[in-house]
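Chains as they are written, first to last, in the numbering used here: chain W, 1 to 310; chain R, 1 to 467.
Glycine included, every Cβ here is placed at the ideal spot set by N, Cα and C.
Quick notes on the structure that follows.
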Amino acid sequence: MSVAAEAGRAQTTERAGPWSRVTREFTDPEKRTAYIMILPVLLVILLIAAWPIVYAVYLSFLRILPTVREFVGVDNYSALFTDHTFYQGLLNTTLFTVVSVVLEFALGLGIALVLNRGFVGQGALRAIAIVPWAFPTVVSGIMWRLMYQDQIGIFSYWAEQLGIISGPVLASEGSILVGAILSDVWKTTPFVALLLLAGLQVIPADVYEASRVDGATPWQQFTRITLPLLKPAILVALLFRTLDAWRVYDLFWVMSDRQLESLSTYVFKFVRISQVNLSVGNAAAVFVFLSSLLIAFLFIRFLGTRAQEA
Amino acid sequence: MGGVRSQPGPGWSRRGLSRRDFLRYGGAGLAGATLLGACSSAEREAYTGHIGPAFSGSETVSKNTVVFTFGPDTSGNLVKMIDKFNKTNGKGITVSYREMPADSGQYFDKLRTEFQAGTGTVDVMGGDVIWPTQLAANGWIADLSDLFTDELQAEYLDAPIQANTYKGKIYGVPWFTDAGMLYYRKDLLQKAGKQPPETWDEVISISREIVGNGDAGYGLTFQGAEYEGGVCNGLEYIWNAGGDVLDPQDLSKVVIESDAATSGLELERRLVAEGTAPLSTVVYKEQEAHTAFLGGDYVFCRNWPYMYGLAADPALSSIKPGQVGISPIPVQESADQSFSALGGWNFFISETSTKKEEAWEFVKFMSQDSTQISFAINASLLPTKKKIYEMKDVLKKQPAVELAKEVTQNSRPRPVHPFYSDMSLVMAEGFNENLKGEASPGGTVTELADELERITNIGESVFNVGG
Numbered sequence: 001m002s003v004a005a006e007a008g009r010a011q012t013t014e015r016a017g018p019w020s021r022v023t024r025e026f027t028d029p030e031k032r033t034a035y036i037m038i039l040p041v042l043l044v045i046l047l048i049a050a051w052p053i054v055y056a057v058y059l060s061f062l063r064i065l066p067t068v069r070e071f072v073g074v075d076n077y078s079a080l081f082t083d084h085t086f087y088q089g090l091l092n093t094t095l096f097t098v099v100s101v102v103l104e105f106a107l108g109l110g111i112a113l114v115l116n117r118g119f120v121g122q123g124a125l126r127a128i129a130i131v132p133w134a135f136p137t138v139v140s141g142i143m144w145r146l147m148y149q150d151q152i153g154i155f156s157y158w159a160e161q162l163g164i165i166s167g168p169v170l171a172s173e174g175s176i177l178v179g180a181i182l183s184d185v186w187k188t189t190p191f192v193a194l195l196l197l198a199g200l201q202v203i204p205a206d207v208y209e210a211s212r213v214d215g216a217t218p219w220q221q222f223t224r225i226t227l228p229l230l231k232p233a234i235l236v237a238l239l240f241r242t243l244d245a246w247r248v249y250d251l252f253w254v255m256s257d258r259q260l261e262s263l264s265t266y267v268f269k270f271v272r273i274s275q276v277n278l279s280v281g282n283a284a285a286v287f288v289f290l291s292s293l294l295i296a297f298l299f300i301r302f303l304g305t306r307a308q309e310a
Numbered sequence: 001m002g003g004v005r006s007q008p009g010p011g012w013s014r015r016g017l018s019r020r021d022f023l024r025y026g027g028a029g030l031a032g033a034t035l036l037g038a039c040s041s042a043e044r045e046a047y048t049g050h051i052g053p054a055f056s057g058s059e060t061v062s063k064n065t066v067v068f069t070f071g072p073d074t075s076g077n078l079v080k081m082i083d084k085f086n087k088t089n090g091k092g093i094t095v096s097y098r099e100m101p102a103d104s105g106q107y108f109d110k111l112r113t114e115f116q117a118g119t120g121t122v123d124v125m126g127g128d129v130i131w132p133t134q135l136a137a138n139g140w141i142a143d144l145s146d147l148f149t150d151e152l153q154a155e156y157l158d159a160p161i162q163a164n165t166y167k168g169k170i171y172g173v174p175w176f177t178d179a180g181m182l183y184y185r186k187d188l189l190q191k192a193g194k195q196p197p198e199t200w201d202e203v204i205s206i207s208r209e210i211v212g213n214g215d216a217g218y219g220l221t222f223q224g225a226e227y228e229g230g231v232c233n234g235l236e237y238i239w240n241a242g243g244d245v246l247d248p249q250d251l252s253k254v255v256i257e258s259d260a261a262t263s264g265l266e267l268e269r270r271l272v273a274e275g276t277a278p279l280s281t282v283v284y285k286e287q288e289a290h291t292a293f294l295g296g297d298y299v300f301c302r303n304w305p306y307m308y309g310l311a312a313d314p315a316l317s318s319i320k321p322g323q324v325g326i327s328p329i330p331v332q333e334s335a336d337q338s339f340s341a342l343g344g345w346n347f348f349i350s351e352t353s354t355k356k357e358e359a360w361e362f363v364k365f366m367s368q369d370s371t372q373i374s375f376a377i378n379a380s381l382l383p384t385k386k387k388i389y390e391m392k393d394v395l396k397k398q399p400a401v402e403l404a405k406e407v408t409q410n411s412r413p414r415p416v417h418p419f420y421s422d423m424s425l426v427m428a429e430g431f432n433e434n435l436k437g438e439a440s441p442g443g444t445v446t447e448l449a450d451e452l453e454r455i456t457n458i459g460e461s462v463f464n465v466g467g
């Protein structure tokens, strides 16, 4: 089918309204076959993804206790939004996400640009750079916790020698949060660097050559060529990292020994440990889901569209 | 995803949602859903069904096999005792031991999941002293009142019996017990010419003197982290100032908002704020506390009986057992009575078990004097029967039993309530905030009273706890 024909048809359907567009999708035999063929997969996705979500939303409107199961409307949500522990978790998660993602992106971009230059030992360096990311989070969490610990921790020892901190690092939530951000930056910067490096390597060299002929400075090359062409890779890296950081659970629990609250630890505590707050925990889980969806939407809206225009 | 689209087809841009966008939104949605799925109760309900069959498949459950669950058998004595029972019971009963997680919370979670799913293959459990009410209120463990008569109960220490009693019925048989105690450095106190302290003020003044002389770096170490052990410590400060959390006569009544409880928490905070205990105490659990004390730099340590055994191991301890003394947890005013938080483990029988009689045979065997003595000597577990504390030959072989005698008699259960795990969560947070100085002692008890009341109200509406 020709491009012109398709464009023309799209125009007619716009005039005729959305419904006829749907019917037209199904009158085309070729398309109908396609839809039938993907139908089983759609059903599986509905079953394993959509159903649990819908069910969790449904549960968040119930009051569930060992002998009680009743509809209570938005009570669980109002309990959630008046709980100061929830706000503590939200604040910690937000700070953690914003600071760690910004640092990881800045450092990751720098490392990617360096690794993208040809030099001796480039392959070995790339392999070494990825090592921290290969650690399971729980292992690196314990490792960092031991370093901050006041009895045997090297970090605490040096920090005290240098007079940077006065009290024990692990004793205040503020300093644990800083510690958690540092260990996350240490661990996942290589991941960001690797994603960005992959993006850098598909930018054709002739674009740079052409710009050099036109007299562009290295800075202009970076802002006018590298960054715009890297946008899809940046989108992927930021989206992955942000959603990952937003769901932070293991790092917080292991590093702070269950003291630092995040949205996910809040959900866990309420759903798994508590016997009376299951429904509020479900409401919190729904909140995490919707906020993740919103983050994903915003990223794609603001980074994705412009990448397509470019 | 990724890569610059080289030739955007005209048809694409005109549609509302391109295929690429659809995949992106869908992928992002799935990413979010992963978390939700992992945490929601929908999933919990879905997977509980598999736990029972998966376990029973790996076990040879014959007609007379009784399944017994407990954490790892670190001393090896449990397996020895089970073997002995299997060989000598004469009724053809075989006990099969299923190992559970060492962490009490994880073990409890596992049991709860199994009971909720109703796939119980467990007959007898070795369970934590804070579980009986939680399990009994849900009807998961059997009422043993007819078998474990008042007469038999009289042989046991009071606190463990109290902890196993819910609404006037007994649900568990105490196996071994645990109680908080104050360890002190005998040699350092002797050198300073001091008697073991009975009040916290004495702890503070003795610490100040000995640390001032340069014989120790710090006065006291205890468990202040936000977890179950921190709850036990906090409760001891409240009890030993004359306060309590729930009214022992009516468990639906919260009585924590009192001057006594406030001054107890005030003292706990003072110990850290004034430097008797280091600031890092607020993240210390048992292990950090015993490492600190056995390292030789502390005068006092609040810990459980197990620490005494560690002092005998030169690899773990730079001080010798002879340098260590044990006394009851100090009190606020000398008129107050000393209480220790009760720990320990008990035997419960599953309500759904079809082998209750066989299970009871096993519990009877495990509760014999000779079995308790064997665990005391070989595994350093403190007996729950009163008379064993009077047996000379046992005390000779296990000095910890004699040292612990007074504290086990003064032990007190944590709030005996079906929603104890929820109470523990809020108390752990409240006590820890107070210890860090983030909340005032008065503010802490007011807020705890509020949150605990919410829980007891639910307990009232669901289980009619007050009776």
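**Given Leu403 of chain R as reference, the closest of R:Ala376, R:Val426, R:Thr276 and R:Leu448 once Cα atoms are compared** = In the second sequence, counting from the first residue as 1, residue 403 of chain R sits at position 403. Comparing Cα-Cα distances from Leu403 of chain R to each of R:Ala376, R:Val426, R:Thr276 and R:Leu448, the minimum goes to R:Ala376.
**Message:** For Lys91 of chain R, count the other beta carbons within 10 Å of its own beta carbon; 16 or more makes it buried, fewer makes it exposed. Which is it?
**Reply:** Residue 91 of chain R sits at position 91 when you count from the first residue of the second sequence. So Lys91 of chain R ends up on the exposed side.
**Prompt:** Can you find a C-beta in chain W that's less than 7 Å from the C-beta of Val283 of chain R?
**Reply:** Walking along the second sequence from the start, residue 283 of chain R turns up at place 283. Closer than 7 Å to some Cβ of chain W, the Cβ of Val283 of chain R qualifies, so yes.
**Prompt:** Ser334 of chain R by DSSP, collapsed to three states: which one?
**Reply:** Within the second sequence, numbered from 1, the residue matching residue 334 of chain R stands at position 334. If DSSP states are grouped into helix, strand and coil, Ser334 of chain R belongs with coil.
**Prompt:** Who does Asn282 of chain W pair with in a DSSP beta bridge?
**Reply:** Numbered from its first residue, the first sequence carries residue 282 of chain W at position 282. Asn282 of chain W is not bridged to any residue.
**Request:** Reducing DSSP to helix, strand and coil, say where Pro132 of chain W ends up.
**Result:** For the purposes of this step, residue 132 of chain W is identified with residue 132 of the first sequence, where counting begins at 1. Pro132 of chain W falls in the helix class under three-state DSSP.
**Request:** Helix, strand or coil for Gly57 of chain R, going by three-state DSSP, please let me know.
**Result:** Numbered from 1 along the second sequence, position 57 holds the residue referred to as residue 57 of chain R. Interpretation of Gly57 of chain R is limited by its pLDDT of 39, a score under 50 that renders its predicted location unreliable; no figure is taken from the coordinates.
**Message:** Output needed for Val282 of chain R: all residues of its chain with C-beta closer than 8 Å, excluding positions within five of it in sequence on either side, in chain order.
**Reply:** Here residue 282 of chain R refers to the residue found at position 282 of the second sequence. These residues qualify, in order along the chain: Gly224, Ala225, Val272, Asn432, Leu435 and Lys436.
**Message:** Judging by CA-CA distance, which residue of R:Thr119, R:Thr384, R:Tyr298 and R:Pro415 is the nearest neighbour of Asp187 of chain R?
**Reply:** Here residue 187 of chain R refers to the residue found at position 187 when the second sequence is read from its first residue. Ranking the options by Cα distance to Asp187 of chain R, first place goes to R:Tyr298.
**Asked** Between which two residues does the alpha helix (DSSP H) harbouring Ile53 of chain W extend?
**Response** The sequence position of residue 53 of chain W within the first sequence is 53, counting from 1. Residues Trp51 to Leu59.
**Asked** Leu425 of chain R touches chain W at which residues, Cβ-Cβ below 7 Å?
**Response** As a position in the second sequence, residue 425 of chain R is number 425, starting the count at 1. By Cβ distance, chain W contributes Lys269, Ile273 and Ser274.
**Prompt:** Name the chain W residues whose beta carbon is nearer than 8 Å to that of Asn138 of chain R?
**Reply:** Along the second sequence, read from residue 1 onward, the residue named residue 138 of chain R stands at position 138. The contacting residues are Pro66.
**Prompt:** So Glu268 of chain R and Gly219 of chain R are in contact, right, with Cβ under 8 Å, and what is the actual spacing, rounded?
**Reply:** On the second sequence, residue 268 of chain R is found 268 positions in, with the first residue counted as 1. On the second sequence, residue 219 of chain R is found 219 positions in, with the first residue counted as 1. At roughly 14 Å, the Cβ-Cβ gap does not stay under 8 Å, so Glu268 of chain R and Gly219 of chain R are not in contact.
**Asked** So is Ile319 of chain R in contact with chain W if we call contact Cβ pairs under 7 Å?
**Response** One-based indexing of the second sequence puts residue 319 of chain R at position 319. So no, Ile319 of chain R is outside the interface.
**Contacts of Val95 of chain R in chain W (Cβ-Cβ under 9 Å)** = Numbered from its first residue, the second sequence carries residue 95 of chain R at position 95. In chain order: nothing, as chain W lies at least about 30 Å away.
**Request:** Under the assumption that Ile170 of chain R contacts Leu135 of chain R (Cβ atoms under 8 Å), give the Cβ distance between them as a whole number of angstroms.
**Result:** Sequence index remark: in the second sequence, residue 170 of chain R carries index 170 (1-based). Sequence index remark: in the second sequence, residue 135 of chain R carries index 135 (1-based). About 13 Å; that fails the 8 Å criterion.
**Asked** Helix, strand or coil for Asn346 of chain R per DSSP?
**Response** Stepping through the second sequence from its first residue, residue 346 of chain R is reached at position 346. Looking at Asn346 of chain R - three-state DSSP - the assignment turns out to be strand.
**Request:** Write down every uninterrupted run of the beta strand (DSSP E) in the stretch 103–165 of chain R whose length is 3 residues or greater and which is fully enclosed by it, in chain order.
**Result:** 124–128
**Item:** N- and C-terminal bounds of the beta strand (DSSP E) containing Met391 of chain R
**Value:** Numbered from its first residue, the second sequence carries residue 391 of chain R at position 391. Run containing Met391 of chain R: none; DSSP gives neither H nor E here.
**Closer than 7 Å at the beta carbon, the chain R residues around Asp150 of chain W** = Taking the first sequence and counting its residues from 1, the one referred to as residue 150 of chain W is at position 150. Neighbourhood of Asp150 of chain W in chain R, by CB distance below 7 Å: Ser280, in chain order.
**Item:** Simplified DSSP state of Arg44 of chain R, which is helix, strand or coil
**Value:** Translated into positions along the second sequence, residue 44 of chain R becomes position 44. Because the pLDDT at Arg44 of chain R is just 34, under 50, the model does not fix this residue reliably, and the value given afterwards should be weighed accordingly. The answer is helix: DSSP assigns Arg44 of chain R an H, G or I state.
**Message:** Among R:Glu198, R:Trp200, R:Asp178 and R:Ser207, whose alpha-carbon lies nearest the alpha-carbon of Lys191 of chain R?
**Reply:** Numbered from its first residue, the second sequence carries residue 191 of chain R at position 191. For the residues R:Glu198, R:Trp200, R:Asp178 and R:Ser207, the minimum Cα distance to Lys191 of chain R belongs to R:Ser207.
**Request:** Helix, strand or coil for Asn378 of chain R, going by three-state DSSP, please let me know.
**Result:** Here residue 378 of chain R is taken as the residue at index 378 of the second sequence, counted from 1. Looking at Asn378 of chain R - three-state DSSP - the assignment turns out to be helix.
**Euclidean distance between Cα positions of Leu448 of chain R and Gly430 of chain R** = To locate residue 448 of chain R, count along the second sequence from 1; it is residue 448. To locate residue 430 of chain R, count along the second sequence from 1; it is residue 430. Cα to Cα, Leu448 of chain R sits roughly 7 Å from Gly430 of chain R.
**Request:** Spell out the partners DSSP gives Asp178 of chain R in its beta bridges.
**Result:** Indexing the second sequence from 1 puts residue 178 of chain R at position 178. BP columns for Asp178 of chain R point to R:Gly343.
**Request:** Tell me, please, whether the CB atom of Gln221 of chain W is closer than 7 Å to any CB atom in chain R?
**Result:** Locating residue 221 of chain W in the first sequence gives position 221, counting from the first residue. False, the Cβ-Cβ gap to chain R never drops below 7 Å.
**Message:** So, under 8 Å CB-CB, Asp244 of chain W and Val138 of chain W are touching, yes? Tell me the CB distance rounded to an integer number of Å.
**Reply:** Here residue 244 of chain W refers to the residue found at position 244 of the first sequence. Here residue 138 of chain W refers to the residue found at position 138 of the first sequence. Rounded, the Cβ-Cβ distance is 15 Å, inconsistent with contact.
**Request:** For Ala171 of chain W, decide whether its Cβ has a neighbour in chain R, counting only Cβ atoms nearer than 7 Å.
**Result:** For the purposes of this step, residue 171 of chain W is taken as residue 171 along the first sequence, with counting starting at 1. Cβ-Cβ to chain R under 7 Å: yes for Ala171 of chain W.
**Asked** Short check: CB of Ser262 of chain W to CB of Asn92 of chain W, under 7 Å?
**Response** Here residue 262 of chain W refers to the residue found at position 262 of the first sequence. Here residue 92 of chain W refers to the residue found at position 92 of the first sequence. Their beta carbons are under 7 Å apart, which means Ser262 of chain W touches Asn92 of chain W by this criterion.
**Asked** If you drop the 5 nearest sequence neighbours on each side, which residues of the same chain put their C-beta closer than 6 Å to that of Phe348 of chain R?
**Response** Along the second sequence, read from residue 1 onward, the residue named residue 348 of chain R stands at position 348. Within the same chain, Phe348 of chain R has close Cβ partners Met125, Gly127, Ile141 and Gly172.
**Message:** Tell me the DSSP secondary structure of Asp247 of chain R in three-state form.
**Reply:** By one-based count along the second sequence, residue 247 of chain R stands at place 247. Three-state result, Asp247 of chain R: strand.
**Request:** Go ahead and label Asn464 of chain R buried or exposed: buried means 16 or more other beta carbons lie within 10 angstroms of its beta carbon, across all protein chains shown.
**Result:** Indexing the second sequence from 1 puts residue 464 of chain R at position 464. The residue in question, Asn464 of chain R, is exposed, as its Cβ has fewer than 16 Cβ neighbours within 10 Å.
**Message:** Which residues in chain W have a C-beta closer than 7 Å to the C-beta of Ile455 of chain R? List them in chain order.
**Reply:** Along the second sequence, one-based indexing puts residue 455 of chain R at 455. Per Cβ cutoff of 7 Å: Val276.
**Request:** Starting from Gln259 of chain W, find everything on chain R with Cβ-Cβ shorter than 8 Å and list it in chain order.
**Result:** As a working mapping, residue 259 of chain W is identified with position 259 in the first sequence. Near Gln259 of chain W (Cβ distances below 8 Å), the residues of chain R are Ala225, Glu226, Val283 and Asn432.
**Request:** Name the residue from R:Leu342, R:Gly217, R:Pro321 and R:Pro441 whose alpha carbon lies nearest to the alpha carbon of Pro278 of chain R.
**Result:** Numbered from 1 along the second sequence, position 278 holds the residue referred to as residue 278 of chain R. Cα-wise, what sits closest to Pro278 of chain R is R:Gly217.
**Of the listed residues R:Ala289, R:Leu310 and R:Ala312, nearest to Cys301 of chain R (C-alpha basis)** = Along the second sequence, read from residue 1 onward, the residue named residue 301 of chain R stands at position 301. The shortest C-alpha separation from Cys301 of chain R is found at R:Ala289.
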